[in-house]
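To start, the structure itself, in structure tokens.
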Amino acid sequence: MSSSKLNRVLNQGFGVFLGIAIAFWVLRGFGILTFLPGGVIWLLLFGAIAMAILSYVQKTWWRF
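With numbering that gives the first Met the number 0, letter number 24 in the sequence shown gets 23, and the count goes up by one each step, no holes.
Below, the structure is given as structure tokens:
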């Protein structure tokens, strides 16, 4: 897998995790997804942060 393709996949993963986390957080705030534990939202947010860090590291340090 080329460097730019890996970076694109990591950026898309970041967007997906962040988008789902925000959507779940808003829907839980409106009372629609009240059964969803808060830990799931935190895991999604931490997953998004991890994807962003990996994308940054891959882009700046791994010069293949």
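Even glycine gets a Cβ: it sits at the ideal position worked out from N, Cα and C.
Candidates the options: closest to residue i by CA position
i   : options            : result
G18 : G28, A47, L32, S54 : A47
L44 : L5, F16, K4        : F16
Environment of residue i [buried if 16+ CB atoms lie within 10 Å]
i   : result
A22 : exposed
S54 : buried
L9  : buried
Integer Cβ distance of residue i from residue j, believed to fall under 8 Å
i   : j   : result
A20 : I40 : 6 Å
Proximity test, residue i beta-carbon vs the ligand SAM heavy atom, cut-off 7 Å
i  : result
V8 : Looking for the ligand SAM in the displayed structure turns up nothing, as the structure carries no ligands at all.
Limits of the unbroken alpha helix (DSSP H) element including residue i
i   : result
G28 : 2 to 28
T33 : No alpha helix (DSSP H) holds T33; DSSP gives it neither H nor E.
Neighbourhood of residue i by C-beta, 8 Å cutoff - its chain only, sequence neighbours within 5 removed
i  : result
N6 : S54, Q57, K58
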